[in-house]
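Participant: Counting in this note's numbering, the sequence shown runs from 464 upward without gaps.
I'd like to ask you about the structure that follows.
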Amino acid sequence: MTQDHALRTVADALRSPTVVEFVRASVKTGYREFFGTSSDEVCRMVDQAFNQLSRSQRDGVDPNRLVEVTTALLRDTFRKSDPSFWFNQIYHQYKTEAKPEADFQRLGTLLPGKRVLDYGCGSGYLAARLARGGYQVFTTDVLDYRYQEAQHLPFVQMASATDIAYPDDSVDVALVLAVLHHINRDDLPGVIQRLRKIARYALIKEDTYGLPDHGEGLVESLRTQPLLRTFATMTLDTQRQVLVLIDFFANAIAQGIPEMNMPFEFKTVSEWGQVLLQNGFQVKRSLFAGFEPGLMHKSCHVWLVCERTG
Ligand SMILES: C[S@@+](CC[C@H](N)C(=O)[O-])C[C@H]1O[C@@H](n2cnc3c(N)ncnc32)[C@H](O)[C@@H]1O
Numbered sequence: 464m465t466q467d468h469a470l471r472t473v474a475d476a477l478r479s480p481t482v483v484e485f486v487r488a489s490v491k492t493g494y495r496e497f498f499g500t501s502s503d504e505v506c507r508m509v510d511q512a513f514n515q516l517s518r519s520q521r522d523g524v525d526p527n528r529l530v531e532v533t534t535a536l537l538r539d540t541f542r543k544s545d546p547s548f549w550f551n552q553i554y555h556q557y558k559t560e561a562k563p564e565a566d567f568q569r570l571g572t573l574l575p576g577k578r579v580l581d582y583g584c585g586s587g588y589l590a591a592r593l594a595r596g597g598y599q600v601f602t603t604d605v606l607d608y609r610y611q612e613a614q615h616l617p618f619v620q621m622a623s624a625t626d627i628a629y630p631d632d633s634v635d636v637a638l639v640l641a642v643l644h645h646i647n648r649d650d651l652p653g654v655i656q657r658l659r660k661i662a663r664y665a666l667i668k669e670d671t672y673g674l675p676d677h678g679e680g681l682v683e684s685l686r687t688q689p690l691l692r693t694f695a696t697m698t699l700d701t702q703r704q705v706l707v708l709i710d711f712f713a714n715a716i717a718q719g720i721p722e723m724n725m726p727f728e729f730k731t732v733s734e735w736g737q738v739l740l741q742n743g744f745q746v747k748r749s750l751f752a753g754f755e756p757g758l759m760h761k762s763c764h765v766w767l768v769c770e771r772t773g
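Structure representation (C-alpha cells):
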C-alpha cells in the first residue's frame, strides 16, 4: 500500500462530499462509455466503492481503515487477482485496444520525432501501439507491470526516478504521460534535467487544476464537457482533492496497483511551465483536453509539448 502521507491525502479527500460525489460521477461517466450491457453492474460497484471508502473516513482521517477498505474492494469487488473476472477483462481490453488507439491518434499530431522513450511506461500499452505504428520505442519504469503486448520492447527498470539508464541524445522525444505527479517533489528537477539530456523534446500529459485563462482547446473543452464546467466552479483546494481521488481510484483500485508511488504532485499549467523552464525545457505548445471523451478514467488533462532550451 502507498505511504502514510498519500493515505492521509486520500482520506482527507474522502471526507469532502463535494469531492466524492464529483469523482463518483466522473468515474461512472467514463465507465458507461465502455461497459455496455454491464454498465448498471459496474456503476453499482463504483457506488459500493465510494460509499465504503467515504464511510471509512466519516469519523476522522483513518489511514488504516482506508487500507482495509481498499484491500477488501480489490479482493471482493474488483477481484483484481482474477484476470477472467468481467471487470478485469473489459479493463484489459480498454487498456490494450481503445486507450492506446485514442492516445496514438492524439500523439500522431504532437510527437516531434520517431525515436521515443516512454518514461513511466506502466503497462506499456501505448509503447506497443507506437511500435506497431512505426516508432522506435524504448521503455522504463520503477515498477514492472508491463502487459505481454509490450514485453518485446526494450525496457529498463529504474531503481529510482532519476536512474534513467538511457544514453544522452539516444531518442528524439521523452513521452511522460501521467507520470510527473507520481514523482516526489525533491526528485523532480533531477528527472527533468536527466530527460533533457536524453531527448531534445518532451511530450508530457498531466492532470491539472486551476484552469488557464486561455489556451488551445480550452474553450472547446468547456463548451462540450459538463464535468469540466462543474470542476471549474470548485475552489482550487477542492479541484486538487478531485485529482487526488481520481488518481487513487484509477491506479490503486481499477488498475489494482496500490503500491504505486502517489505523492499527488499536481500543478497548474503555469506552474508546470515554470518548473520545466527552470530545468531546461520550454513549453512550446499546450493543449488543454479536460475530461476528454473516450477515456475510461477522466481527469482534467493537459498536454505539454516541450523543447530543450539552449
Ligand atoms: C499513472 S501511471 C501512467 C502509466 C503510463 N504512462 C500511462 O499513461 O498509462 C504512472 C506511472 O509512473 C510510474 N512511476 C511512479 N513513480 C515513479 C517515479 N518516481 N519514477 C518513475 N516512474 C514512476 C509508475 O510506476 C506508473 O507506471
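For glycine and all other residues, C-beta sits at the position ideal for the given N, C-alpha and C.
Here's the rule I'm using: 16 or more other beta-carbon atoms within 10 Å means buried, otherwise exposed. How should R521 be labelled?
Facilitator: exposed
Participant: Quick one: what's T559 bridged to in DSSP?
Facilitator: Answer is none; T559 lacks a bridge partner.
Participant: K747: beta carbon under 8 Å from a heavy atom of ligand 1?
Facilitator: no
Participant: Is G585 near ligand 1, judged by its Cβ being under 8 Å from some heavy atom?
Facilitator: yes
Participant: Applying the 10 Å Cβ sphere with the 16-neighbour rule, what's the burial state of L529?
Facilitator: buried
Participant: Leaving out five residues on either side along the sequence, give the residues of the same chain with a beta carbon under 6 Å from the beta carbon of G757.
Facilitator: Cβ within range, chain order: A565.
Participant: Is P563 buried or exposed, if buried means 16 or more other CB atoms sit within 10 Å of its CB?
Facilitator: buried
Participant: So, at 6 Å on beta carbons, what are the nonlocal neighbours of M464 in its own chain, with the 5 sequence-adjacent residues on each side left out?
Facilitator: Unreliable placement is indicated for M464, whose pLDDT of 40 sits below 50; the coordinate value is still reported in the next sentence. The residues are V530 and P721.
Participant: When the Cα of K747 is compared with those of V524, L699, G678 and Q614, which residue comes out closest?
Facilitator: G678
Participant: Within a Cβ cutoff of 6 Å, which residues of the same chain sit near L470, ignoring the five residues on either side of it in sequence?
Facilitator: These residues qualify, in order along the chain: P526 and L529.
Participant: Out of curiosity, what's the CA-to-CA distance linking V642 and D670?
Facilitator: 10 Å
Participant: Classify T481 as helix, strand or coil using the three-state DSSP reduction.
Facilitator: helix
Participant: Considering only heavy atoms of ligand 1, does any lie closer than 8 Å to the CB of K783?
Facilitator: The first residue shown for the chain is 464 and the last is 773, placing residue 783 beyond what the model contains.
Participant: Quick one: measure Cβ to Cβ for T603 and M621, integer angstroms, because I've assumed they're closer than 8 Å.
Facilitator: 6 Å
Participant: Using a Cβ-Cβ cutoff of less than 7 Å, which residues in the same chain neighbour A590 once the five nearest sequence positions on both sides are dropped?
Facilitator: Take A590, set aside five residues on each side of it, and the residues of its chain with a beta-carbon closer than 7 Å to its own are D581, C584, V600, T602, A613 and L616, in chain order.
Participant: Within the chosen definition, does the stretch 729-739 reach the stretch 683-692 through at least 3 CB pairs nearer than 8 Å?
Facilitator: no
Participant: Quick check: what's the CA-CA separation for V765 versus S749?
Facilitator: 7 Å
Participant: Is it buried or exposed, G499, if we count other Cβ atoms within 10 angstroms and call 16 or more buried?
Facilitator: exposed
Participant: Report all residues from its chain with a CB closer than 7 Å to the CB of A476; omit the five preceding and five following residues, and keep chain order.
Facilitator: V482, Q704, V707 and L708
Participant: Give me, in chain order, the residues of the same chain whose beta-carbon lies closer than 8 Å to that of V639; leave out the 5 immediate sequence neighbours on both sides.
Facilitator: Y582, G583, L658, A665, L666, I667 and K668
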